[in-house]
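Numbering (our numbering), first residue to last: 9 to 170. Note that CB positions come from ideal geometry on N, CA and C, so glycine has one too. Here the structure is a predicted model, which means the values were calculated and not measured.
Structure (structure tokens):
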């Protein structure tokens, strides 16, 4: 097993120290709510952790912090490489449109999408960088138009956000 990080990743996930505390209190036959009060966590978090990572050796539900941490790290890792990281042409296409710097093959710059201005109090903000850039929705909707027969050049707007 790889080395275990002792510091918590964030307040959202359980750290190895918290998992050890759960293992100790669970071995002392403390209830889920008592463990939750001790760790200042939700009882549902503790219950879910015990249910997910309990091993059933010798017909008893035992909880081990090291194996629980290993399983949590294994579940957290994403084995799949993102589409933008794998496809250079797609990444360049998306980055150009997010930056608002799109050029035709002859080198002439193409203006970004013309969005209707609805504001009342202030004038247009055409001088701002984001006024010329494309939104992830506009980029993902434009890809099938520019690359109609290339399946590798399709991406959702959510993947662009990430």
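Taking a contact to mean a Cβ-Cβ separation below 9 angstroms, would you say residue 40 touches residue 55 in this structure? Stepping through the chain shown from its first residue, residue 40 is reached at position 32. Stepping through the chain shown from its first residue, residue 55 is reached at position 47. Going by C-beta atoms, residue 40 is nearer than 9 angstroms to residue 55.
Output the distance between the C-alpha atoms of residue 145 and residue 90, rounded to the nearest integer angstrom. Along the chain shown, read from residue 1 onward, the residue named residue 145 stands at position 137. Along the chain shown, read from residue 1 onward, the residue named residue 90 stands at position 82. Going from the Cα of residue 145 to the Cα of residue 90 covers about 18 angstroms.
Counting Cβ pairs closer than 8 angstroms, one from the region 25-41 and one from the region 69-77, do we hit at least three? yes
Nearest candidate by alpha-carbon position, reference residue 150, set 80, 105 and 48: On the chain shown, residue 150 is found 142 positions in, with the first residue counted as 1. Ranking the options by Cα distance to residue 150, first place goes to 105.
Reference residue 19; option with closest CA among 78, 53, 157 and 34: Counted from its first residue, the chain shown places residue 19 at position 11. Nearest option by C-alpha distance: 53.
Given a cut-off of 9 angstroms on the beta-carbon distance, is the pair residue 42 and residue 92 in contact? One-based indexing of the chain shown puts residue 42 at position 34. One-based indexing of the chain shown puts residue 92 at position 84. Result no, Cβ atoms of residue 42 and residue 92 do not sit closer than 9 angstroms.
Beta-carbon within less than 6 angstroms of residue 99's beta-carbon, same chain only, minus the 5 sequence neighbours each way: which residues are those? One-based indexing of the chain shown puts residue 99 at position 91. Cβ neighbours of residue 99 beyond the five flanking positions: 92.
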